[in-house]
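Just below is one structure, and these are the notes that go with it.
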DNA sequence: ACGGCATGCTTGCAAAATGAAAGTGCTGCG
DNA sequence: CGCAGCACTTTCATTTTGCAAGCATGCCGT
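Chains as they are written, first to last, in our numbering: chain F, 1 to 96; chain L, 101 to 196.
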């Protein structure tokens, strides 16, 4: 299987890359991610579990019964790919 | 909606980025894409239609009743994002 | 101590996307 | 004419995604 296929097994499912993008700005709590992304709550919970299992992010306990989600080094390494995709979408017909 | 979300509307669905990756090596025929990617044939047809509508690729008529699929300039511009994702997957725990 | 509230999920079920398998239409070739 | 190869389409099962409601935990005010 190609490297790209391997990457897509982890960040291919819907919402996964968008979650990582939000976390590039720093750790976020569950409710914040949900509100800012508009993700269905069950999907958000599922994706966070999968991304944690893949070593992309980890749970960061906070006060009370709250926690935050933060990127691991492996998660932070997605920044290049995310900005590349964002730039592609932002580029109009392209500099001829 | 963020740029990333816009990009994922086009290349987010399953197989889409893998199809583009194969076409980076030059135009390919339908049967070749199917055999090399292992894509279900109905999905391949659907994705090719969507990617053509999005201006990522175009049909290139060949002899007889055959045709090839080739990337537009916009499709070629995905190379950076594809290699970034591929590199991410290929990188082990990362250079500490 | 206890009820209410915020946060972070889980559960049940409907809708949409994906997949497997078989079938269709066209074209050239013998 | 009949057959084979290519490019799909169609049908139906399975998986993924989404919506809405419910549950668990822990603080906070009274």
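Built from N, CA and C at the ideal position, the CB exists for glycine as well.
Values in this document were obtained by computation on a predicted structure and should not be read as measured data.
What do you get for residue 53 of chain F, buried or exposed, if any count of 16 or more other CB atoms within 10 angstroms of its CB means buried?
exposed
Closer than 8 Å at the beta carbon, the chain F residues around residue 182 of chain L
4
Does the CB of residue 152 of chain L have a neighbour CB from chain F at under 9 Å?
no
Please report the Cβ distance between residue 29 of chain F and residue 68 of chain F, rounded to the nearest whole angstrom; I am assuming they are in contact, meaning their Cβ atoms lie under 8 Å.
5 Å
Those residues which DSSP pairs with residue 58 of chain F across a bridge
F:70
What did DSSP end up calling residue 29 of chain F once you bin it into helix, strand or coil?
strand
Between the stretch 101-116 of chain L and the stretch 38-51 of chain F, do at least 3 Cβ pairs fall closer than 8 Å?
no
Nearest residue (CA-CA) to residue 120 of chain L, options L:183, L:175, L:134:
L:175
Going along chain F, which residues have a C-beta under 8 Å from residue 118 of chain L?
2, 4, 5, 8
State yes or no: is the C-beta of residue 146 of chain L within less than 9 Å of the C-beta of residue 157 of chain L?
no
Tell me whether the beta-carbon of residue 133 of chain L lies closer than 9 Å to the beta-carbon of residue 185 of chain L.
no
Proximity of residue 70 of chain F and residue 26 of chain F at Cβ, strictly below 9 Å:
yes
For the stretch 65-78 of chain F, list every residue whose C-beta sits within 7 Å of some C-beta in chain L, in sequence order.
73, 74, 77, 78
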